[in-house]
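Chains A and B supply the protein sequences, listed in that same order.
Going letter by letter, the first sequence gives residues 7 to 81 in the working numbering.
Going letter by letter, the second sequence gives residues 5 to 557 in the working numbering.
Okay, structure first, notes after.
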Amino acid sequence: MHLITSPNLDSPDDFYQALIDAHQGLSGAQSQALNARLVLVLANHVGRFEVLRQALATAAAAAPQHAADGSQPPP
Amino acid sequence: MKGRAVDYQTLQFPYRRSADQSAPNPARHPVVVVGAGPVGMALAIDLAQRGVPVVVLDNDDRLSVGSRAICFSKRTLEIFDRLGCGQRLVDKGVSWQVGRVFFKDQEVFRFDLQPEPGHERPAFINLQQYYLEGYLVERAAELPLIDLRWKHEVVAVEPGPDGVELMVETPDGAYRLRADYLAACDGSRSSVRQLIGQESKGRVFQDRFLIADVRMQADFPAERWFWFDPPFHPNQSVLLHMQPDQVWRIDFQLGWDADAEAEKRPENVLPRVRAMLAATALQDAPFTLEWASVYTFACLRMDHFRRGRVLFAGDAAHRVSPFGARGANSGVQDAENLAWKLARVLAGASPDALLESYGSEREAAADENLLNSSRATDFITPKSDISRLFRDAVLELAKTQAFARSLVNSGRLSVPATLHASPLNTPDIDPFAGRMVPGAAAVDAPLLRADGRPTWLLRELSGAGFSLLAFSLSPDRLKALRQAADGVAELAVVAVGTGSDLADERGLLARRYDLQPGSAYLLRPDQHVCARWRTPTPEALRRALRCATGQEA
Chain A
7 MHLITSPNLD
17 SPDDFYQALI
27 DAHQGLSGAQ
37 SQALNARLVL
47 VLANHVGRFE
57 VLRQALATAA
67 AAAPQHAADG
77 SQPPP
Chain B
5 MKGRAVDYQT
15 LQFPYRRSAD
25 QSAPNPARHP
35 VVVVGAGPVG
45 MALAIDLAQR
55 GVPVVVLDND
65 DRLSVGSRAI
75 CFSKRTLEIF
85 DRLGCGQRLV
95 DKGVSWQVGR
105 VFFKDQEVFR
115 FDLQPEPGHE
125 RPAFINLQQY
135 YLEGYLVERA
145 AELPLIDLRW
155 KHEVVAVEPG
165 PDGVELMVET
175 PDGAYRLRAD
185 YLAACDGSRS
195 SVRQLIGQES
205 KGRVFQDRFL
215 IADVRMQADF
225 PAERWFWFDP
235 PFHPNQSVLL
245 HMQPDQVWRI
255 DFQLGWDADA
265 EAEKRPENVL
275 PRVRAMLAAT
285 ALQDAPFTLE
295 WASVYTFACL
305 RMDHFRRGRV
315 LFAGDAAHRV
325 SPFGARGANS
335 GVQDAENLAW
345 KLARVLAGAS
355 PDALLESYGS
365 EREAAADENL
375 LNSSRATDFI
385 TPKSDISRLF
395 RDAVLELAKT
405 QAFARSLVNS
415 GRLSVPATLH
425 ASPLNTPDID
435 PFAGRMVPGA
445 AAVDAPLLRA
455 DGRPTWLLRE
465 LSGAGFSLLA
475 FSLSPDRLKA
485 LRQAADGVAE
495 LAVVAVGTGS
505 DLADERGLLA
515 RRYDLQPGSA
525 YLLRPDQHVC
535 ARWRTPTPEA
545 LRRALRCATG
555 QEA
């Protein structure tokens, strides 16, 4: 089983708006906590460890250059 | 000694002079065990039961100070059943199998470690370590082959190709001893390990925990209660366990900055206990403090548990954090893995190379324990903000979402390691379902004898040699299989099913081992599966026995 990286969302704009809306009015810490819970909920839906590993790698690889090479981002 | 209450905490064992101390030349013994703790005593008893004389040296004259290791697993109890003191442990210990996990002021979930019936032993008992040690010392006293020497401290170790020479210090002065094999069971600060210039390597955790044993009349059920970030001890974890004699063990996480000496003083411990009790229904329960200690923990192991003729077992070889009860329990498994191999090698029945498998099997088991214990520690004491964020997210979700409960890690409780990669295993040629793969420790199952008496699989297995668990095999086939072991290893055939004296009346044995009529399992003297077949042949059995005894290159 492979991570789906081709477009797969049936309603991308609705999802994106719902994601942003979910963070409305939250503090930075509350938003972080919401994201963490969301990651866990979605991970359970995916289920397969191999797919999750690919997802982790895909997300890590998309980081801006300065983060990927381990140096500090500019202030 | 049995029958009346013995205060094992105050018991002192007299130093006795050994005839070896007056010998003109150093006396030579097949096995010298260093350390009379649970691991050293289990090894000594196992060896003695196998006919091997053992000298046990201990630098002290007392049992464990404080309750220390308190959780003994089902597998450990099964091992002690074979060593002759399992029933005493179960009778005295507090049996438990249910754990509850709390986050802040709310119960998040409960788990049951032994949800299925049909096991003789409970998932765990809680028992102060000094009781276990006391029972082992008393059991050892029944075995004339064990020569237990208190206040005999090893101060020098000279390993050689044919044996090990020791210098032993006593109140009467020093003497020399020789051993064919030396078993170092002398704990996490192993002096044998230091004396031969070895070390354990790994992670030391930057955290401190307070253990408080309190005695009180209280109505807590016999369950394991674990709090993450409770209101009475914010930002830290707390663990509550019941022990015999109305004693409760409470572990408080303190953080790295805590002052170890100050924290264990009663005036600092008592308010913590009172605050915890106030959060339960027991706010007014009177209690007294039995013992308090502050500890840090580490996940470490030696690279090799075997250095020539010196073998390391228990905390001397590996150290884990306490979450999961994987310290003493894995040490006892080390001892049982080593005992039958040493006995075979000393009897000339197997080559010395069999001992290599002690190292490889138990190093792999230690890695599994270290992995589980490190993961639990990282969950319980998150080391970064993001780790803490996800930990709390898991706990929040666990209140309402069943899936998140599988991520809550308050310690993955000790189960025996499956020795998957063991060189002693014969790989499967037939398909089998279930967990009893080659390398697995045999799980128990209820059986019925022909005379109507109930029994258990593990009680029917050989206490000495290998066992062939044969399910509904014809008498001719059983006879041929029995003969196949001649000259290779001692083999007891344990026939169950049609035509035999043991019946699998409830069908649990067949289910747990995926048995069909004609199936057979070969079990090692330490009750680990090493081969299995749908249609066993004498040739295949003989080969598997040779492999499992190190007689096959």
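Glycine included, C-beta positions come from ideal geometry on N, C-alpha and C.
Since this is a predicted model, take the numbers as computed values, not measurements.
### Query
Taking Cβ-Cβ distances shorter than 9 Å, what residues in chain B pair up with residue 46 of chain A?
394, 397, 398, 401, 405, 407, 408 and 411
### Task
Using a cut-off of 7 Å between C-beta atoms, extract the partners of residue 36 of chain A located in chain B.
In chain order: nothing, as chain B lies at least about 11 Å away.
### Task
Ignore the nearest five residues each way along the sequence and tell me which others in residue 548 of chain B's own chain have a CB closer than 7 Å to its CB.
430, 526, 534 and 535
### Message
Just list the residues that DSSP pairs residue 525 of chain B with in beta bridges.
### Response
B:473 and B:536
### Query
Which same chain residues, not among the five before or five after residue 8 of chain A, have their C-beta less than 8 Å away from its C-beta?
57 and 60
### Query
Thinking just about the alpha-carbon of each residue, which of A:67, A:45, A:52 and A:28 is nearest to the one in residue 394 of chain B?
A:45
### Task
Using a Cβ cut-off of 7 Å, pull out every chain B residue sitting near residue 66 of chain A, in sequence order please.
None at all; the shortest Cβ gap to chain B is about 13 Å.
### Task
Would you mind telling me which residues of chain B sit closer than 7 Å to residue 43 of chain A, beta carbon to beta carbon, in chain order?
397, 400 and 401
### Query
Any idea what DSSP makes of residue 268 of chain B, helix, strand or coil?
coil
### Task
Find the residues of chain B that neighbour residue 39 of chain A, judging by a C-beta separation of less than 9 Å, and give them in chain order.
393, 396, 397 and 400
#### Entry: Identity of the residue in B:183, B:510, B:529 and B:374 nearest residue 496 of chain B by Cα
B:529
### Residues of its chain near residue 196 of chain B, where Cβ-Cβ distance is below 8 Å and the 5 sequence neighbours each way are ignored
38, 158, 161, 186, 188, 190, 314, 316 and 320
### Message
Using a Cβ-Cβ distance cut-off of 9 Å, determine whether residue 14 of chain A contacts chain B.
### Response
no
### Query
Grouping DSSP H, G and I as helix and E and B as strand, with all else coil, what is residue 311 of chain B?
strand
### Message
Whole angstroms are fine: how far does the CA of residue 38 of chain A sit from the CA of residue 468 of chain B?
### Response
59 Å
### Query
Among B:181, B:179 and B:134, which has the Cα closest to the Cα of residue 11 of chain B?
B:134
### Nonlocal neighbours in the same chain, by C-beta distance under 6 Å from residue 488 of chain B, ignoring five residues either side
542, 545 and 546
### Query
Is residue 81 of chain A helix, strand or coil when you go by DSSP?
Interpretation of residue 81 of chain A is limited by its pLDDT of 45, a score under 50 that renders its predicted location unreliable; the figure taken from the coordinates is listed afterwards. Residue 81 of chain A: coil per DSSP, three-state reduction.
### Task
Would you tell me roughly how many angstroms separate the C-alpha atoms of residue 63 of chain A and residue 13 of chain A, rounded to the nearest one?
18 Å
### Task
Pick out whichever of B:218, B:137 and B:243 has its Cα sitting closest to the Cα of residue 13 of chain B.
B:137
### Message
Considering only their Cβ atoms, is the gap separating residue 322 of chain B from residue 74 of chain B smaller than 9 Å?
### Response
no
#### Entry: Proximity of residue 49 of chain B and residue 140 of chain B at Cβ, strictly below 9 Å
yes
#### Entry: Whole-Å CB distance - residue 292 of chain B paired with residue 219 of chain B, under 8 Å assumed
5 Å
### Task
Determine the extent of the alpha helix (DSSP H) in which residue 78 of chain B is found, giving its start and end residues.
78–86
### Task
Round the Cβ separation of residue 421 of chain B and residue 372 of chain B to the nearest angstrom and send it over; I've been treating them as touching at under 8 Å.
5 Å
### Task
Taking residue 100 of chain B and residue 227 of chain B to be in contact with their CB atoms under 8 Å, please state how far apart those CB atoms are, rounded to whole angstroms.
6 Å
#### Entry: Contact belief for residue 98 of chain B with residue 247 of chain B at Cβ below 8 Å, rounded distance in angstroms
6 Å
### Query
Could you give the residue range of the beta strand (DSSP E) that holds residue 553 of chain B?
It is not in any beta strand (DSSP E) - residue 553 of chain B carries neither H nor E in the DSSP assignment.
### Query
Touch check for the segment 146–153 of chain B and the segment 41–58 of chain B: three-plus C-beta pairs under 8 Å?
yes
### Query
Leaving out the 5 sequence neighbours to the left and right, which residues in its chain are closer than 8 Å to residue 47 of chain A when beta-carbon positions are compared?
none
### Query
According to the neighbour-count rule (16 or more other Cβ atoms, all chains shown, within 10 Å of its Cβ), is residue 362 of chain B buried or exposed?
buried
### Query
Assuming residue 236 of chain B contacts residue 279 of chain B under a Cβ cut-off of 8 Å, what Cβ separation, rounded to an integer in Å, is found between them?
4 Å
### Message
So within the segment 441–503 of chain B, which uninterrupted alpha helix (DSSP H) runs reach at least 4 residues, ignoring any that extend past its ends?
### Response
461–464 and 479–488
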